[in-house]
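Everything below concerns the one structure shown next.
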Amino acid sequence: GTADAVTQNIDIIAGYGPRYVIVLAGDHIYKQDYSVMIAQHVETGADVTVGCVEVPRTEASGFGVMHVDVNDNIVQFLEKPADPPAIPGQPDMALASMGIYVFEADYLFQLLREDADNASSKHDFGGDIIPAIVAKGKAVAHPFSRSCVRSDNEKTPYWRDVGTIDAFWQANIDLTDFQPELDLYSQEWPIWTYSELTPPAKFIHDEEERRGVAISSMVSGGCIISGSSLHRCLMHTGVRTRSYAKLRGVVAMPYVEIKRNAQLRNVVLDRSVVIPAGLVVGENAELDAKRFRRTENGICLITQDMIDRMDH
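Each residue of the sequence shown is one higher than the one before, counting from 16 in the working numbering.
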């Protein structure tokens, strides 16, 4: 479980001598000033502070859902309930855990060691650790709206769980919108990330049906778009597309190669995948489902192993 992942790293974490520990989910996208959440944790004297966000009840079954009182104390915590309770006064909305937790370090280490010795536990924060604190200690909710970071172009707090293929694809494709809900261009809150030193993206060939062009797309450094067309695509570093390829709604991880005449629609391409010449994906749902991992919404995940199996 998620708690076990932290338990296995207690020695490393403790080696830094922290007073507080923030536990974060690795498959969420948002911009947040954690210092605001930590300050609330200290001021309230909570055993745990849980980041939370309002979500439609129809989507809440995939999250931990909580009830809070007027002082933001969590009085009930349900992990992925089939019938999520509504926010009082908002029958169509539920208060969902963001998977962000603030603990005092020593208290967290003690909880994790006790949980590790509990044979009946699934060693999960949402399923075991947080409900136990709600029952016996002081758990406080921290509404994301208090600490989210927004530019003038972001009308509402942006938070996405991208733990599914559909959500991952959609969050990436959303960045190609005219004015995305997530602003990556704000100089006031820059996005710090690992970035390879690569040449700028290059677009080559200018002939009918063989024109290197990208419309409403994001193309990273090191990419070469050679005589192929992209529409609402996101290309990570070093992707190469060959002549006459047509891509629509493609999210390509680094160093993907797409060979001539390939036609791809609504796909996620794993790192370093080589797409064979002439491959068509997104036109025949039954065939796509046999070859690749296809979601109910029609998004295909393609890995190199899947491509290799096509030859056998």
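Quick reminder that beta carbons are idealized off the backbone N, C-alpha and C, glycines included.
Annotated as distal: V65 and W174, with beta-carbon spacing of 8 Å or more. According to the DSSP assignment, A156 belongs to the beta strand (DSSP E) that extends over A154 to P158. A direct Cα-to-Cα measurement between V149 and I89 gives close to 6 Å.
In its chain, beyond the 5 residues on either side, N168 have a beta carbon closer than 7 Å to the beta carbon of Q194. When C-alpha distances from R34 are compared across H56, Q47, D48 and N187, the shortest belongs to H56. Counting along the chain, Q185 sits inside no beta strand (DSSP E); it lies in the alpha helix (DSSP H) bounded by residues I180 to D189. C315 is not a Cβ neighbour of R324, given a cutoff of 8 Å. Contact between the segment 263-270 and the segment 178-198 is present, with at least three C-beta pairs closer than 8 Å.
The beta carbons of P99 and S76 sit about 6 Å from each other, so the pair counts as a contact at 8 Å. Under the three-state reduction of DSSP output, F92 falls in the strand class.
If you draw a 10 Å sphere on the C-beta of Y209, you find fewer than 16 other C-beta atoms in it, and that means exposed. Three or more beta-carbon pairs drawn from the segment 245-257 and the segment 217-231 are found closer than 8 Å, and the two stretches are therefore classed as touching. In the displayed model, F124 falls within a helix according to three-state DSSP. Apart from the 5 residues on each side of it in sequence, F118 sits with its Cβ closer than 6 Å to the Cβ of V36 and V63 in its chain, given in chain order. Short of 6 Å from the beta carbon of L245, and not among the five residues preceding or following it, lie these beta carbons of its own chain, in chain order: A229, S232 and L262. For W204, no pairing in a beta bridge is given by DSSP. For V80, the CB contacts under 7 Å within the same chain, skipping 5 residues up- and downstream, are L93, P96, P99, P100, A109, L110 and A111 in chain order. In the same chain as W204, and ignoring 5 residues on each side of it, the C-beta atoms closer than 8 Å to its own belong to K46, V164 and S166, in chain order. Counting the other Cβ atoms within 10 Å of the Cβ of A134 gives fewer than 16, which makes it exposed. N312 and A120 have their alpha carbons spaced roughly 42 Å apart. Rounded to whole angstroms, T59 and T191 show a C-alpha spacing of 41 Å. Close CB contacts of Y122 within its chain, under the 7 Å cut and outside five residues either way in sequence, are with D62 (chain order).
For L302, the uninterrupted alpha helix (DSSP H) run begins and ends at A300 to R306, by DSSP.
Of the residues assessed, V38 falls on the buried side of the cut-off, its CB having 16 or more other CB atoms within 10 angstroms. In this structure, G178 places its C-beta atom within 8 Å of the C-beta atom of D42.
When secondary structure is reduced to three states using DSSP, K217 falls in the strand class.
The beta carbon of R306 is closer than 7 Å to those of M321 and M325 in its chain, skipping five residues each way along the sequence. At a cut-off of 3 residues, the continuous stretches assigned as beta strand (DSSP E) that sit fully inside the segment 22-54 are 35-38 and 43-45. The beta carbons of H138 and D130 sit closer together than 8 Å.
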